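There are 2 protein chains.
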Amino acid sequence: MRKGMLIVISAPSGTGKSTICRKLLQKRRDLKYSVSCTTRQPRPGEKDRKHYFFLSEKEFKQRIHKNEFLEWAVVHDHYYGTPRHFIEGSLKDGWNILLAIDVQGAQSIHEKMPDSVLIFVTPPSLESLKERLAGRREAVDSAAKRLANSKGELSAAKNYDYLVVNDELEKAVSQIDAILTAESLRVERQPASDLAPA
Amino acid sequence: MRKGMLIVISAPSGTGKSTICRKLLQKRRDLKYSVSCTTRQPRPGEKDRKHYFFLSEKEFKQRIHKNEFLEWAVVHDHYYGTPRHFIEGSLKDGWNILLAIDVQGAQSIHEKMPDSVLIFVTPPSLESLKERLAGRREAVDSAAKRLANSKGELSAAKNYDYLVVNDELEKAVSQIDAILTAESLRVERQPASDLAPA
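Sequence order for the protein chains is P and C. In terms of the working numbering, the first sequence is residues 12 to 209. In terms of the working numbering, the second sequence is residues 12 to 209.
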């Protein structure tokens, strides 16, 4: 059984990350989504167990204690964590796993799993990011905090493997699709037997 | 102007390398083919200046002397060389360049241009390679020499970036197409300005 790849996607808030992930999952049957845990409140339309596992702070801390997270962090004053068993088991079974996560989380995943593939998605410009965030109805201070954070996130792109600009959704999705195809063809991911056929 | 990428493709003889290259060039308008020089005789259907620059040994050696090759080598008792000026100029102008070359040449290109992309194309198995070579009408000793060489070439695949198995032509072409798309999205190929937008 060939081991799967862990695909880590980060994007400043408002870049269209969840739409991109949904479309990728429709497109590629070799891909499963890693649902993260969080203590933040669900946004309108977000479903428990589908978009996130929404946990109380108490539950979250118990899971930390039981070493159930591959990584966890506090972002925007809330806990976020990546469940370990789902990812490790699925990769072993040959699935490619899609993980949408902030830059802090992406870095710690990369340290723990150096063969993961890190993709950073940006909006065409910071101007357009402001517009998209303004279009989302949030308290002004929350939007300002997100935006400040986004500037820091953009400069973090240089620690990623790939940079995809989401100026056109279908194009961005097909570019990420191409990245997954290409990565699966990398020589270092081939079973040794394929490199020395009889 | 963003600099182009140099895409180096190697494949054991009979793997379908020239068909793959032709289809890639039809598919991607950002791609130009680097025509190599050789002292070997044209095979049926091969055209001077299109498939190779067919040179006499004397002409070839003069070009070596004038430093006109990025690399050159002797393979199957013939000289093969990669013209320097076409590649350097085209990359500077933003073109991606496709170079089909043996493993020896690929290694020396990679040493001189470490940001080149190395793709190794294999037939599904060595058995199928034997069949394809047998289908090509060549003197038996020449086919045997090629086959012996192919075994060495296959083990060289581990020095490449990507391994593509040509068990189905269209699939192999679209996989290489995906590799080119993905490579163009690699963070280290982005202009520095894109990583720190205003």
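The beta carbon of each residue, even a glycine, is placed where N, CA and C say it ideally should be. All of these numbers come straight from a predicted model, not from anything done at the bench.
The C-beta separation of P:Leu-129 from P:Asp-188 comes to about 16 Å, leaving the pair out of contact by the 8 Å criterion. For the segment 75-103 of chain C, the beta-carbon criterion of a distance under 8 Å to any beta-carbon of chain P is satisfied by none of its residues. Under the 8 Å criterion on CB atoms, C:Val-19 is classed as non-interfacial with respect to chain P. With 16 or more other CB atoms across the displayed protein chains lying within 10 angstroms of its CB, C:Val-19 is buried.
With contacts defined as CB atoms closer than 8 Å, P:Ile-98 and P:Ser-47 fail to qualify as a contacting pair.
In the DSSP annotation of this structure, the continuous segment of the beta strand (DSSP E) that includes P:Lys-43 starts and ends at 42-44. At least one CB of chain C lies nearer than 8 Å to the CB of P:Tyr-171.
Using a Cβ-Cβ cut-off of 8 Å, C:Leu-36 does not count as an interface residue toward chain P, since no Cβ of chain P sits closer than that to its own. Bridge pairing for C:Asp-59: C:Tyr-63 [DSSP]. Each of C:Leu-196, C:Thr-30 and C:Glu-199 was checked against the Cα of C:Ser-21, and the nearest Cα belongs to C:Thr-30. Counting only residues of its own chain and dropping the five nearest sequence neighbours on each side, P:Ile-75 has a CB closer than 8 Å to the CB of Trp-83 and Gly-92.
Taken through DSSP and simplified to helix, strand or coil, P:Glu-179 comes out as coil. Apart from sequence neighbours up to five positions away, the residues of its chain that approach C:Leu-174 with a beta-carbon distance below 6 Å are Phe-131 and Ala-168, ordered along the chain. Per DSSP, reduced to three states, the secondary structure at P:Arg-13 is coil, with no helix or strand assignment. Assignment of P:Ser-101 by DSSP, reduced to helix, strand and coil, places it in the helix class. Here DSSP, grouped into helix, strand and coil, assigns P:Ile-187 to helix. Under the 8 Å criterion on CB atoms, P:Gln-201 is classed as interfacial with respect to chain C. Under the three-pair Cβ rule at 8 Å, the segment 102-110 of chain P counts as touching the segment 25-42 of chain P. By the rule that beta-carbons nearer than 8 Å mark a contact, C:Ala-193 touches chain P.
Residue state for P:Ala-168 is assigned as helix, using DSSP reduced to three classes. For P:Glu-194, the number of other beta carbons within 10 angstroms of its own is at least 16, and it is reported as buried. As a beta-bridge residue in DSSP terms, P:Gly-92 pairs with P:Cys-48 and P:Trp-83.
About 6 Å separates the beta carbon of C:Gly-15 from that of C:Ser-101, a gap short enough to meet the 8 Å contact definition. Setting aside the 5 residues that flank it on each side, C:Pro-53 is surrounded in the same chain by Phe-65, each with a C-beta closer than 6 Å to its C-beta; the list follows chain order. Residues of chain C whose Cβ lies closer than 7 Å to the Cβ of P:Arg-197 are, in chain order, Asp-172 and Tyr-173. Membership of P:Ala-117 in the alpha helix (DSSP H) is indicated by the continuous run 114-123. Distance check between C:Thr-192 and each of P:Val-85, P:Gly-25, P:Ala-183 and P:Met-124 places P:Ala-183 closest, using alpha-carbon atoms only. For P:Ala-22, the nearest beta carbon of chain C is not closer than 8 Å to its own beta carbon. Interface annotation for the segment 117-133 of chain C against chain P: Leu-129, Ile-130, Phe-131 and Thr-133, criterion Cβ-Cβ distance under 9 Å. For C:Arg-95, the closest C-alpha among the options C:Lys-103, C:His-87 and C:Phe-80 is that of C:Phe-80. Taking each of C:Lys-77, C:Lys-72 and C:Lys-123 in turn and checking the Cα distance to C:Val-85, the smallest one comes out for C:Lys-72.
In this structure, the straight-line span from the alpha carbon of P:Arg-40 to that of C:Thr-50 is close to 48 Å.
Spatial neighbours of P:Lys-103 in its own chain (CB-CB distance under 7 Å, excluding positions within 5 residues in sequence) are listed in chain order as Lys-14.
For the C-beta of P:Ala-183, not a single chain C residue is nearer than 9 Å; the gap to the nearest is close to 10 Å.
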